[in-house]
Amino acid sequence: MQETVPDLVLVNPPCRGLEKALVRQLVALALQHIHYSSCNPETLYEDIQEMPSYVVKRLQWFDMFPHTEHTEVMVLLEK
Numbered sequence: 474m475q476e477t478v479p480d481l482v483l484v485n486p487p488c489r490g491l492e493k494a495l496v497r498q499l500v501a502l503a504l505q506h507i508h509y510s511s512c513n514p515e516t517l518y519e520d521i522q523e524m525p526s527y528v529v530k531r532l533q534w535f536d537m538f539p540h541t542e543h544t545e546v547m548v549l550l551e552k
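See the structure below:
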């Protein structure tokens, strides 16, 4: 049986970011695209640094809770 790899994966980790093992697994799968939704720009940045074979193609900020400091960021990473 042949194993298939998806073209795109969506991740939405908690504020602490992705577990390092998951980052390694995503890189090993060599996915064409990763959509990363984050509520913490610092851990988002750290996780992206662990995926050097991917480039940020698009980034969008979302003000989910007006009049607070909370935001969401959606990043499209491409191989």
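In case it helps, my numbering puts the sequence shown at residues 474 to 552.
C-beta atoms are modelled at their ideal positions from N, C-alpha and C, and glycine is treated no differently.
Item: Could you work out which residue in 515, 478, 510 and 516 is closest to residue 499 when comparing CA atoms only?; Value: 478
Item: Name the one or two DSSP bridge partners that residue 510 has.; Value: 547
Item: By DSSP's criteria, residue 535 is part of a beta bridge. Which residues make up the other side?; Value: 545
Item: For the beta strand (DSSP E) containing residue 481, list its first residue and its last residue.; Value: 481 to 484
Item: Alpha helix (DSSP H) containing residue 503: first to last residue?; Value: Element bounds for residue 503: n/a, residue is neither H nor E.
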